[in-house]
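Chemist: In the numbering used here, the protein residues as written are 10 to 114.
Encoded structure:
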């Protein structure tokens, strides 16, 4: 089991219970307040993927990085080093921290 799964669950609980703890000043990448978290997934070594709905998928690993501007239906960790994202009509994709690979047509 990935050791960072617990950290992701704790962060999710913190966001639900105390949303004021994550203020716009916390977003170093230019993300601003008002973005709604639809899903999040701990994956790989110290990575947290967050689905911000129409604002796409972003990854947090010390800093925020955009992964995709598409709005995913669902995300899941695959093993301990990959993220699987269902983009609906755009297909099912895996991300390994460097590149995306489409696994369905």
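Backbone N, C-alpha and C define an ideal beta-carbon position, used for all residues, glycine too.
To the nearest angstrom, report how far apart residue 62 and residue 89 are at their CA atoms.
Modeler: Rounded to the nearest angstrom, the two C-alpha atoms are 24 Å apart.
Chemist: Assign residue 56 to one of three DSSP states: helix, strand, or coil.
Modeler: Three-state DSSP puts residue 56 in a strand.
Chemist: So what does residue 105 bridge to, in DSSP terms?
Modeler: Answer is none; residue 105 lacks a bridge partner.
Chemist: Give me the DSSP bridge partner(s) of residue 68.
Modeler: According to DSSP, residue 68 bridges with 58, 74.
Chemist: Are the CB atoms of residue 56 and residue 78 within a distance shorter than 9 Å?
Modeler: No.
Chemist: Run through the DSSP bridge pairs and tell me what residue 113 is partnered with.
Modeler: In DSSP, residue 113 forms no bridge with anything.
Chemist: Name the DSSP bridge partner or partners of residue 95?
Modeler: DSSP, once it has assigned bridges, lists 83, 101 as partnering residue 95.
Chemist: Output needed for residue 93: all residues of its chain with C-beta closer than 6 Å, excluding positions within five of it in sequence on either side, in chain order.
Modeler: If we look at residue 93 and ignore the five residues flanking it on each side, its Cβ neighbours are 85, 87, 103.
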